[in-house]
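Worksheet: the structure to be examined is printed underneath.
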Amino acid sequence: MFFNVHAVSVANAFIFFVGTFIMNSYFKCMNLKIHAVAFTPDDFNSLSPFMSSSPSLLELVALEALYNSTNGEHWYDERQDSNFPGRWFESEDVCSWYGVLCNDENRVQNITLEQVKLVGSLPSEIGYLSHLIDLKLRGDGLYGTLPTELGLLEDLQYLRLYDTQISGSLPSEIGEMSSMRAIDIIWSDISGTIPTEIGNLENMVIFQIGIGGVSGSIPTEIGRMTRLKYFSLLQNEVQNLPTQFGLLDNLHWLYLYNNNINSTIPTELSNAENLIVLDLSNNFLHGTIPRELTTLQYLRKFDAEGNNLSCGDDDKYCFREYVEVVLDPEVESCMCVRDWIPLETILLLSGTAGAAAAILHFRQIKREQQRQQA
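For the sequence shown, the positions run 0 to 373 when numbering that gives the first Met the number 0 is used.
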């Protein structure tokens, strides 16, 4: 019995050695100019039992698939309207390829492809880039859906897609990307609802899908993303404003303008004590503005213009003097709106000293101005 097992092990090792030798010889002979005939999905599946111990080869398969599926042969520099200066597979050093950055172990860590006329879709083989940390793509020639295999990328921290025609919903498998820190998708055809599995992304800091077709409800599981600082679904079709945003102590920026939110403004938002910007403009919000929002000491801008809000029965109440408040005239008349210090000025100063120091600084300036006028 031992002999048979040993024989099988030797046979597998021999197959792996021969396979690796053949592939290496092939790459050298072809000067690494791999075309669609080099690896097909069927070829890869047949080789995968012994390729699993060679991550670099898996990455090469993934890069070839990405190159072919986005019309890599016809990439060119859109900024100079010229041919692409350095095509993939013309060098044996993968880490020297345009837009590819490797880690110290020569594993593909970053892929950045912008303004190179990408045309096509993201291949499922992208899931083989097991060391990938940052994926940034831009191009209105990108279409199709996000492959579910993205969920295999446990090290991926940044997914950035700009100016694409990628459509469909975020795959639920995205909840398996435990290292994810930022999803930033602007100008796309992403639609459908946000999967509840997004609540598994507890390391998420930035979540943005801007100018798309996301609809339905923002999942209540959002309240589990406790490191979230920036959340934006600007210009989509979402319909709710979950109270769970109030559980996010680190949330600084919340942009939900130009959606279909038809509800009241929950008082629980005042529990997100570090909010700097709250933009709920151009929705279908109704009811009154919760007085509790005026207690947010770091708030710099509150925009609820373009809704169906109304005045309450209480006396006027005021936001702090450094808050820019944007409301419809009929609502503004029942609020105490004070002169405010421009947001960009405060943010400029608060870059290093912090918001609190900036507030104190401007208060001191205001006192000095009042003394001089007196």
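Glycine is no exception: its CB is placed at the ideal position from the N, C-alpha and C atoms.
Would you call the stretch 85-102 and the stretch 118-128 touching, i.e. three or more CB-CB distances under 8 Å? no
Curious, which full-length beta strand (DSSP E) runs of at least 3 residues does the stretch 229-253 contain? 229-231
Cα separation between Glu91 and Gln108? Here residue 91 corresponds to residue number 92 of the sequence shown, with the count starting at 1. Here residue 108 corresponds to residue number 109 of the sequence shown, with the count starting at 1. Taking the straight line joining both Cα atoms gives about 17 Å.
Taking all protein chains shown into account, decide if Asp278 is buried (16 or more other Cβ within 10 angstroms of its Cβ) or exposed. The residue given as residue 278 occupies position 279 in the sequence shown. The residue is buried, with at least 16 neighbouring Cβ atoms inside 10 Å.
Residue interval of the beta strand (DSSP E) (run including Glu304): Taking the first residue of the sequence shown as 1, we reach residue 304 at position 305. Premise fails: Glu304 is in no beta strand (DSSP E) and is neither H nor E.
Going by C-alpha to C-alpha distance, which of Glu220, Glu291, Ile210 sits closest to Val254? Against the sequence shown, residue 254 aligns to sequence position 255. According to the sequence provided, residue 254 is Tyr. The question's Val does not apply to it. Here the closest residue by C-alpha is Ile210.
Residue-level contact to chain B via CB, Glu329, 8 Å cutoff: Annotation note: the requested chain B is absent from the structure, which comprises a single protein chain.
CA-CA distance, Tyr157 and Gly311? Along the sequence shown, one-based indexing puts residue 157 at 158. Along the sequence shown, one-based indexing puts residue 311 at 312. So the two alpha carbons sit approximately 44 Å from each other.
Beta-ladder partner(s) of Asn109, from DSSP: Indexing the sequence shown from 1 puts residue 109 at position 110. Per DSSP, Leu100, Asp133.
Tell me the DSSP secondary structure of Arg226 in three-state form. Taking the first residue of the sequence shown as position 1, residue 226 is located at position 227. Reduced to three states, the DSSP call for Arg226 is coil.
Three-way DSSP call (helix, strand, coil) for Val60 in this model: Taking the sequence shown and counting its residues from 1, the one referred to as residue 60 is at position 61. Reduced to three states, the DSSP call for Val60 is helix.
List the endpoints of the continuous alpha helix (DSSP H) containing Val93. If you number the sequence shown from 1, residue 93 lands on position 94. Looking at the DSSP string, Val93 is not in any alpha helix (DSSP H), and its letter there is neither H nor E.
Beta-carbon separation (whole angstroms), Thr263 vs His285, contact threshold 8 Å: Residue numbering aside, residue 263 sits at position 264 when the sequence shown is read from its first letter. Residue numbering aside, residue 285 sits at position 286 when the sequence shown is read from its first letter. Indeed, because the Cβ distance is near 6 Å, the residues count as touching under 8 Å.
According to DSSP, is Ser214 helix, strand or coil? Along the sequence shown, one-based indexing puts residue 214 at 215. Here Ser214 sits in strand by DSSP.
Below 6 Å CB to CB, which residues in the same chain sit around Leu246 once its five sequence neighbours on both sides are set aside? Counted from its first residue, the sequence shown places residue 246 at position 247. Closer than 6 Å at the Cβ level, and outside the excluded window around Leu246, lie Gly222.
What's the C-alpha gap between Ala61 and Leu134? The count along the sequence shown starts at 1 and reaches residue 61 at position 62. The count along the sequence shown starts at 1 and reaches residue 134 at position 135. Distance between the alpha carbons of Ala61 and Leu134: 13 Å.
Around the Cβ of Asn235, are there at least 16 other Cβ atoms within 10 angstroms (buried) or fewer (exposed)? Here residue 235 refers to the residue found at position 236 of the sequence shown. Label assigned to Asn235: buried.
Assuming Ile189 contacts Ile217 under a Cβ cut-off of 8 Å, what Cβ separation, rounded to an integer in Å, is found between them? Numbered from its first residue, the sequence shown carries residue 189 at position 190. Numbered from its first residue, the sequence shown carries residue 217 at position 218. Not quite, the Cβ-Cβ distance comes to about 14 Å (not below 8 Å), so this is no contact.
By a C-beta neighbour count over all protein chains shown, 10 Å radius and 16 as the cutoff for buried, is Cys333 buried or exposed? Your numbering for residue 333 matches position 334 in the sequence shown. It counts as buried.
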